[in-house]
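When the letters of the sequence shown are read in order and numbered with numbering that gives the first Met the number 0, they come out as residues 0 to 278. No residue lacks a Cβ here, since even glycine has one placed at the ideal position from N, Cα and C. Presented below is the structure to which this report refers.
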Amino acid sequence: MSAISYRTRASIKAYLEVFIENLVEKYRKRNLPSVDGSTPYLKQKSSKGRLKPFHAAIISPEMLRLNEFERGFSTSLGTTFEECAKLIAFEHHREAHRSYDITGEVSQAAINEIERQIAIFEISSKSQRQKPSLEEMIQSVFNARKDDDLVTRTSRADLYILTKEGKHLFFEIKSPQPNKGQCFEVTQRLLRFHLLSAKNYPRVEAYYAMAYNNFGPNRSDYKNSLVKTYTPFDDSVIIGQEFWHIVGGETAYEELLEIYEEVGREKSKYIIDALAFGF
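Spelled out as structure tokens, the structure:
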């Protein structure tokens, strides 16, 4: 049985087509400095720091525009994973939302404990001591709660899913190549999701999700030392197939890649024509 229905496939394809068209239009309108002799070019100014004399001297403005589009495309592509995951999840779960805000009254002491747990985790990581598990950090935060110091707090998840069984799933969908600070920030967010959703515990799961594995097909292939060192990797990080399996089933990852591939085939000539030749 297909994980992505014909209707959802059409919705994803239409979304990706519009995503590409909007991005192409953005770069199509961008005027890049051109070289008509090196002396005039070197007198030009750019308020956004886009002057590249050696690039412009050897590569045509059309090729430079394509190059800038590729870099911008790579940066923007991550937002499409969230929308595609939401569309697929609608088929398989009770609810699915992007940029989902969780608001509630929580204990300030518990909020402070989250910061303390992150500090403990960082110290343990540096000293190569036994790091607390995600479950141990969650319990420490819950144990720190008081009743007389309540404050209202909101935290936003990239993706929220309510399963048919009533389980609450929160995802931070981030790059598979984060820096150290981002690793701690994601872990902090996961703890906040648990604190704000405490009334539903233990039917709450929170994950650092990666849409793909940049090292290979299997979890064991993943080699980023920062993620393995500075996150509760075994408890909270899901990569590629693991993420899409939760969202839509066993074949969701492969089927989604097929849709991306189809859109790529159909839009590649349009991208080149629009950016390189101005059609």
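| Check | Outcome |
| --- | --- |
| Strand pairing of I238, partner residues [DSSP] | M209 |
| Supposed close pair V140, L194 - CB separation, criterion 8 Å | 6 Å |
| Local conformation of A143 per DSSP, three classes | coil |
| Buried or exposed (CB count within 10 angstroms, at least 16 for buried), S154 | buried |
| Pair within 8 Å by beta-carbon distance, S235 and A205 | yes |
| Range covered by the beta strand (DSSP E) that runs through Y99 | 94-106 |
| Backbone secondary structure at I245 - three-state DSSP | helix |
| Which of helix, strand or coil DSSP assigns to Y269 | helix |
| Nearest-angstrom Cα separation, counted from K130 out to E121 | 8 Å |
| Spatial distance of P52 from D272 (CA atoms) | 25 Å |
| Three-state secondary structure assigned by DSSP to A156 | strand |
| CA-to-CA distance, M62 to K25, given in whole angstroms | 16 Å |
| Contact the region 0-8 vs the region 254-262: 3+ CB pairs below 8 Å | yes |
| Beta-carbon proximity list for F89, same chain, < 6 Å, skipping 5 on both sides | A95 |
| Limits of the unbroken beta strand (DSSP E) element including I172 | 167-172 |
| N-terminal and C-terminal residue of the alpha helix (DSSP H) that G48 is part of | No alpha helix (DSSP H) contains G48, which DSSP labels as neither H nor E. |
| Residue range of the unbroken alpha helix (DSSP H) whose run includes Q181 | 179-195 |
| Beta-carbon gap between Y229 and S124 smaller than 8 Å | yes |
| Nearest-angstrom Cβ-Cβ length linking E260 and Y207, presumed shorter than 8 Å | Not confirmed; about 27 Å, so no contact. |
| Assigned exposure category for G239 - 16 Cβ within 10 Å defines buried | buried |
| Distance CB(L22)-CB(S75) smaller than 8 Å | yes |
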